[in-house]
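**Q** Let me begin by handing over the structure; questions about it come next.
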Amino acid sequence: MRSTYRQAYSFASRLTGNQSEAEDLVQETYLRAFKFFHRYDDGLPFINWLYRIMGNAHIDGVRRRGRLKTTSIEQPSSQGTATLELPDTESAADRSLMEGTMTETVQRGLHAMNAEFRTAILLADVEGMAYEEIAEVMGTSVGTVRSRIHRGRRQLRTFLLKHYPKQYGEAN
Amino acid sequence: MTCPTCKAWLSAYLDGELSGQQMAALRSHLGACRTCSRELDVLRSIKHAVGCELDCDPAPGFEERLVMHVMGSGASSAVGKRSIFTPLAGWLTATAVAAAVFVGILTLRSARLEHEHQTASNSSSFELARDQAYVAGSEPMGGGAILPASYGRR
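Taken in order, these protein sequences are the chains called G and L. Counting in the numbering used here, the first sequence runs from 136 upward without gaps. Counting in the numbering used here, the second sequence runs from 213 upward without gaps.
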């Protein structure tokens, strides 16, 4: 536990974007790992197994709380423009890990998307995992991982286009 | 290759997940299509932004709280129905054993490779010294010098 908790906390921070939620998620993850350690298959690296538990715990928590309504930003509203629902992060006492930075905007965009998409993207871009590894962690197929990452980045790109149109706009 | 196909493959291309043939086809299209080339640049900057280092250390004392939380919560599920100890002693014993095994396995895994390497290294040194003694004509079992006088000196 002591040798892996920092790495687990770092990943939880990116998943939740919030220090207290990250701590709760790490605690829940290790509790589940402790309880179900007899199911651990040492063919899978321990940290990958931990990420699998954490990803599932995070998604379960999101669905339970219903905080992140996953409105597809690809679907136009009745006015013909895409709408985007953002989570209410202002009310949390220790909300975002960053303030007023490009990175904060990216993190906000990450938290506006589907939890499965966010998990897949973070495993690829932060943890540097291959698609096959991500599929093993998330308990799904490589094709599903590829789709989640592709759609997640498209969602993130649309979100960033609003804040940084010159940087993320399309070429003419 | 069409632009929609190219755009659908760009994420996988960035992550090194395309086959050689797919990569060749995609690169050929990118060389001729400014729109898709721009799209690739955008996705690359997004991937980089997501992967940026964050200063996200846990609050002080988090490690201790984590251990206490896991051990404390795990105790309630570790109580057996037919314990030969008193309830409190059985509770603490089961929790301590389970937590020790859990942490011990994690520690042993990382130490195992290092130990195997060290053992192999020690074994090689011993065999080398033994062979040198044989060549020098020393009798290992006769109480004479095991190693040549020059051993260890350059």
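Built from N, CA and C at the ideal position, the CB exists for glycine as well.
What does the Cβ neighbour count give for L:Met280, buried or exposed, with the cut at 16 atoms within 10 Å?
**A** By the neighbour-count rule (16 or more Cβ atoms within 10 Å), L:Met280 is not buried but exposed.
**Q** For G:Asp176 versus L:Val262, is the C-beta spacing smaller than 8 Å?
**A** Their beta carbons are not under 8 Å apart, which means G:Asp176 does not touch L:Val262 by this criterion.
**Q** Can the beta-carbon of L:Pro216 be found closer than 8 Å to that of G:Glu158?
**A** No, these two residues do not count as a Cβ contact at 8 Å.
**Q** Output, in chain order, the set of chain L residues within a Cβ distance shorter than 7 Å of G:His285.
**A** What G:His285 touches in chain L: Ala220, Ser223.
**Q** Is the Cβ of G:Ser207 closer than 8 Å to any Cβ of chain L?
**A** Bear in mind that a pLDDT of 49 at G:Ser207, under 50, signals an unreliable position, so the model cannot answer this.
**Q** Looking only at its chain, what residues have a beta carbon closer than 6 Å to the beta carbon of L:Trp221, apart from the 5 residues adjacent to it on each side?
**A** Taken in chain order, the residues that qualify are Leu238.
**Q** Considering G:Val261, what are the terminal residues of the alpha helix (DSSP H) in which it resides?
**A** From DSSP, G:Val261 is part of no alpha helix (DSSP H); its letter is neither H nor E.
**Q** Got a sec? Which residues, its chain only, sit under 8 Å from G:Ser231 by beta carbon, not counting five neighbours each side?
**A** Below a pLDDT of 50, predicted positions are generally treated as unreliable, and G:Ser231, at 46, falls in that range; no measurement from the model is reported.
**Q** Compile a chain-ordered list of the residues in the stretch 144–159 of chain G whose CB is closer than 8 Å to at least one CB of chain L.
**A** Correct list: Tyr144, Ser145, Ser148, Arg149, Gln154, Ala157, Glu158.
**Q** Can you confirm whether G:Ser276, when its beta carbon is compared against all beta carbons of chain L, has any partner nearer than 8 Å?
**A** Chain L contact via Cβ: absent.
**Q** Alpha carbon to alpha carbon, how far is G:Phe172 from G:Ala270? Give it in angstroms, no decimals.
**A** Straight-line Cα distance between these residues: approximately 21 Å.
**Q** From this set, G:Asn191, G:Ile182, G:Gly263, which residue's C-alpha is nearest L:Cys264's C-alpha?
**A** The option with the nearest alpha carbon to L:Cys264 is G:Gly263.
**Q** Using the rule of at least 16 other Cβ atoms within 10 Å of the residue's Cβ for burial, across every protein chain shown, is L:Arg246 buried or exposed?
**A** Exposed, by the Cβ-count rule.
**Q** So that I know if they touch, is there some Cβ in chain G lying closer than 8 Å to that of L:Ala271?
**A** Yes, L:Ala271 lies at the interface with chain G (some Cβ there is under 8 Å from its Cβ).
**Q** Would you report the Cα separation of G:Arg286 and G:Phe252, rounded to the nearest angstrom?
**A** So the alpha carbons of these two residues sit roughly 7 Å apart.
**Q** Starting from G:Asp260, find everything on chain L with Cβ-Cβ shorter than 7 Å and list it in chain order.
**A** Under the 7 Å cutoff, chain L gives Lys259, Val262, Gly263.
**Q** Alpha carbon to alpha carbon, what distance is there between L:Lys259 and G:Gly278?
**A** Going from the Cα of G:Gly278 to the Cα of L:Lys259 covers about 19 Å.
**Q** Let me confirm a value: L:Thr214 is counted as buried when at least 16 other C-beta atoms fall within 10 Å, else exposed. Which label applies?
**A** By the 10 Å Cβ count, L:Thr214 comes out exposed.
**Q** Starting from L:Cys245, trace the alpha helix (DSSP H) in both directions and tell me its first and last residue.
**A** Taken as a continuous stretch (DSSP letters only), L:Cys245 belongs to no alpha helix (DSSP H), as it is neither H nor E.
**Q** If you compare alpha carbons, which of L:Cys218, L:Phe274, L:Met235, L:Lys219 is closest to G:Ser77?
**A** Outside the shown range of chain G (136 to 307) lies residue 77 of chain G, about which nothing can therefore be said.
**Q** Does L:Cys264 come out as helix, strand or coil in the three-state DSSP assignment?
**A** Three-state result, L:Cys264: coil.
**Q** Measure the beta-carbon distance from G:Leu295 to G:Leu245 and round it to whole angstroms, keeping in mind my assumption that it falls under 8 Å.
**A** The Cβ separation is near 10 Å, so there is no contact.
**Q** In chain order, what residues of the same chain lie with their CB nearer than 8 Å to the CB of G:Arg113, ignoring the 5 residues before and after it?
**A** As displayed, chain G neither begins before 136 nor continues past 307, which places residue 113 of chain G out of reach and without an answer.
**Q** Using only the alpha-carbon positions, how far apart do G:Ala227 and G:Ile182 sit?
**A** Bear in mind that a pLDDT of 42 at G:Ala227, under 50, signals an unreliable position, so the number given afterwards is only what the model happens to contain. Spanning the two alpha carbons is a distance of roughly 29 Å.
**Q** I'd like the list of long-range same chain contacts for G:Leu160, defined as Cβ closer than 8 Å, with 5 residues on each side in sequence excluded.
**A** Ala147, Leu150, Thr151, Met189, Ala192, His193, Gly196, listed in sequence order.
**Q** Please classify G:Ser148: does DSSP put it in a helix, a strand, or coil?
**A** If DSSP states are grouped into helix, strand and coil, G:Ser148 belongs with the helices.
**Q** With 8 Å as the threshold, decide whether the Cβ of L:Glu276 is near any Cβ in chain G.
**A** So, not an interface residue.
**Q** Is there a Cβ from chain G that is less than 8 Å from the Cβ of L:Leu242?
**A** So, not an interface residue.
**Q** Anything in chain L within Cβ reach of G:Tyr140, meaning under 7 Å, just list it in chain order.
**A** Neighbours of G:Tyr140 on chain L, chain order: Glu275, Leu278.
**Q** Which residue wins for smallest C-alpha separation from G:Tyr186, given the options G:Asn249, G:Phe169, G:Leu166, G:Met273?
**A** Minimum Cα distance to G:Tyr186 is reached at G:Met273.
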